[in-house]
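When you line the sequence shown up against full-length UniProt numbering, it's residues 1 to 185, in that order. The structure appears right after this line, and notes come after that.
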Amino acid sequence: MATLVLLGACGSEPEPEAASPAAPAKPTVAAAPKDETANFARAVGDGKPGAAVNIRYEFSSKPTIGVPTELDVVFIPSAGVDAMDAKLGGMEGITLAGTLIANFAPVEAGKSYHHKISVLPDRTGVFYITASVNTQIAGSALNRTFSIPFVVGNVAVQQKPTPPKDDKGQSIKSMPAEESTEPKQ
Numbered sequence: 001m002a003t004l005v006l007l008g009a010c011g012s013e014p015e016p017e018a019a020s021p022a023a024p025a026k027p028t029v030a031a032a033p034k035d036e037t038a039n040f041a042r043a044v045g046d047g048k049p050g051a052a053v054n055i056r057y058e059f060s061s062k063p064t065i066g067v068p069t070e071l072d073v074v075f076i077p078s079a080g081v082d083a084m085d086a087k088l089g090g091m092e093g094i095t096l097a098g099t100l101i102a103n104f105a106p107v108e109a110g111k112s113y114h115h116k117i118s119v120l121p122d123r124t125g126v127f128y129i130t131a132s133v134n135t136q137i138a139g140s141a142l143n144r145t146f147s148i149p150f151v152v153g154n155v156a157v158q159q160k161p162t163p164p165k166d167d168k169g170q171s172i173k174s175m176p177a178e179e180s181t182e183p184k185q
């Protein structure tokens, strides 16, 4: 009997496959734009909360004595910022060249605004470039100062000085002085 079923199946035409239901279309999600400043360093704020702008920066190469190096400073405004004005300044031991004042108006929150200058160190050391940024928010001005630190050459790591020792080799610990107008009893 099993042989008849098999032989009967051999002569028949295959059944057409049922159309499988189409898989639901997945919504296409646009890839998030790559953050062009992801590898940039962050400037150090003045410690006050609520800065309306973030600053990132990148040197085109490691700063070297006597060699001008391009510095790309990126200003990224927060929500509510209408315009930004920035002033860059150096310190003794470095020379800044290029336009040291940048104006951006109008601005979009989260968008990167680039400004490039040239930095020329004249000696080894740790240096800072100051970025003073004035933001306009609904007619009010908010100013914040940021530091862009960098090192030129090989700077020796500074360590805390060792405390003085007494005759027995014990460390002498400085204590704050106490003032009193009453005699000790």
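Here a beta-carbon is modelled for each residue, glycine too, at the ideal position from N, C-alpha and C.
Looking at residue 131 and residue 117, is the spacing between their C-beta atoms short of 8 Å?
Along the sequence shown, read from residue 1 onward, the residue named residue 117 stands at position 117. Along the sequence shown, read from residue 1 onward, the residue named residue 131 stands at position 131. Taking 8 Å as the Cβ cut-off, residue 117 and residue 131 do not qualify as a contacting pair.
Provide the residue(s) that pair with residue 40 in DSSP beta bridges, ordered along the chain.
As a position in the sequence shown, residue 40 is number 40, starting the count at 1. According to DSSP, which records beta bridges pairwise, residue 40 is partnered with nothing at all.
In the DSSP output, what is residue 142 paired with across the bridge?
As a working note, residue 142 is residue 142 in the sequence shown. DSSP output for residue 142 lists 135 as bridge partner(s).
Checking the sheet assignment: what are the DSSP bridge partners for residue 130?
The residue labelled residue 130 in the question sits at position 130 within the sequence shown. Note: residue 130 sits in a beta bridge opposite 89 and 147.
Quick one: Cα of residue 88 to Cα of residue 81, how far?
Mapped onto the sequence shown, residue 88 falls at position 88. Mapped onto the sequence shown, residue 81 falls at position 81. In this structure, the CA atom of residue 88 is about 20 Å from the CA atom of residue 81.
Quick one: what's got a C-beta closer than 7 Å to residue 79's C-beta in the same chain, skipping five residues either side?
On the sequence shown, residue 79 is found 79 positions in, with the first residue counted as 1. Closer than 7 Å at the Cβ level, and outside the excluded window around residue 79, lie 109.
Residue 171, DSSP secondary structure in three states:
Stepping through the sequence shown from its first residue, residue 171 is reached at position 171. DSSP, reduced to helix, strand and coil, places residue 171 within a strand of the structure shown.
Residues bridged to residue 152 by DSSP?
Translated into positions along the sequence shown, residue 152 becomes position 152. When DSSP reads this structure, residue 152 sits in a beta bridge with 125.
Taking Cβ to Cβ, would you say residue 72 is nearer than 8 Å to residue 57?
Locating residue 72 in the sequence shown gives position 72, where the first residue counts as 1. Locating residue 57 in the sequence shown gives position 57, where the first residue counts as 1. Yes, Cβ-Cβ distance for residue 72 and residue 57 is below 8 Å.
Residue 135 to residue 86 span [Cα, whole Å]
Counting from 1 along the sequence shown, the entry for residue 135 is found at position 135. Counting from 1 along the sequence shown, the entry for residue 86 is found at position 86. Cα to Cα, the separation comes out at about 9 Å.
Helix, strand or coil for residue 117, going by three-state DSSP, please let me know.
Taking the first residue of the sequence shown as 1, we reach residue 117 at position 117. Under the three-state reduction of DSSP, residue 117 is assigned to strand.
Just mark residue 176 as buried or exposed, buried being the case when its beta carbon has 16 or more other beta carbons within 10 Å.
For the purposes of this step, residue 176 is taken as the residue at position 176 of the sequence shown. The Cβ neighbour count for residue 176, taken over all protein chains shown within 10 Å, is under 16; the residue is labelled exposed.
Between the CA atoms of residue 61 and residue 104 - distance to the nearest angstrom
Translated into the one-based positions of the sequence shown, residue 104 becomes position 104. Translated into the one-based positions of the sequence shown, residue 61 becomes position 61. For residue 104 and residue 61, the distance between alpha carbons rounds to 26 Å.
Inter-residue spacing [alpha-carbon to alpha-carbon] between residue 145 and residue 155:
One-based indexing of the sequence shown puts residue 145 at position 145. One-based indexing of the sequence shown puts residue 155 at position 155. When rounded, the distance between both Cα atoms is 26 Å.
Grab me the residues of residue 100's own chain with a C-beta within less than 8 Å of its C-beta, minus the 5 sequence neighbours each way, in chain order.
Walking along the sequence shown from the start, residue 100 turns up at place 100. Exclusion of the five residues before and after residue 100 leaves 87, 88, 89 and 117 as the residues of its chain whose Cβ lies within less than 8 Å of its Cβ.
Residue 81: first and last residue of the uninterrupted beta strand (DSSP E) it sits in
For this step, residue 81 is matched to residue 81 along the sequence shown. That residue, residue 81, is in no beta strand (DSSP E); it is neither H nor E in DSSP.
Closest by C-alpha distance to residue 125, when choosing among 150, 115, 141 and 133:
The residue you call residue 125 lines up with position 125 of the sequence shown. In terms of CA proximity to residue 125, 150 leads the group 150, 115, 141 and 133.
Can you tell me whether residue 161 is buried or exposed, with buried defined as 16 or more other CB within 10 angstroms of its CB?
The sequence position of residue 161 within the sequence shown is 161, counting from 1. Exposed.
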